[in-house]
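Below is one structure; the comments refer to it alone.
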Amino acid sequence: MRGNGFKTGVFKIPRKTRLLKGDLDIAPLIDCVFLLLIFFMLTSTFVKPAGIRVNLPRTVTADLLTEGKFVIVITGEDIVYYRDKAVSIEKLKQLLQKEKERTKGVLIKAD
C-alpha cells in the first residue's frame, strides 16, 4: 500500500449522479373526471314540470300577466282543466259564476 490508502492498480471511477425529472401522467386524472361525470349524470334526477301538457302557439309579443285571472286549459281532446283539475262545462260555468267578482279576467290556453 502506498501512502494514499489505495491499492496500486485500482482507481476510483467518478460516477455521475443523474437527476430524474418526474413526469406527470394525467391519464388517471382524466379517467377519474369521466367517472365522476358519468356518476353524477346517472344519479341526478330528471324532473318533469308538473301540470298539463299543452302545445301553445308561439308569439312575438310579451307574455300576458296571469295575476288575478282565471286560467282555463282546453286540450286537443276537448278536456277542460281549471286549476289543474278536469271539469265539465257545467261545472266550469258554476265556478266562473262564483268567482267573477274576485277576478279581473279569464285566460284560456287551448291546444
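If you want the working numbering, it's the position in the sequence shown, counting the first as 1, plus 145.
The beta carbon of each residue, even a glycine, is placed where N, CA and C say it ideally should be.
In this text the structure is predicted, and so the values were computed from the model without any measurement.
When C-beta atoms of the region 244-253 are compared with those of the region 217-227, three or more pairs fall below 8 angstroms, so the two segments count as touching. Sequence-distant Cβ neighbours of Leu237 in its own chain, meaning closer than 8 angstroms and more than five residues away, are Ile217, Val225 and Tyr227. In the DSSP assignment, the residues bridged to Ala255 are Ile219. DSSP places Val225 inside the beta strand (DSSP E), whose first and last residues are Val225 to Tyr227. Judged by their CB atoms, Val199 and Ala255 are nearer to each other than the 9 angstroms cut-off.
Assigned with DSSP and collapsed to three states, Val178 falls in helix. Contact annotation: Ile197 and Asp223 have beta-carbon atoms that are not nearer than 9 angstroms.
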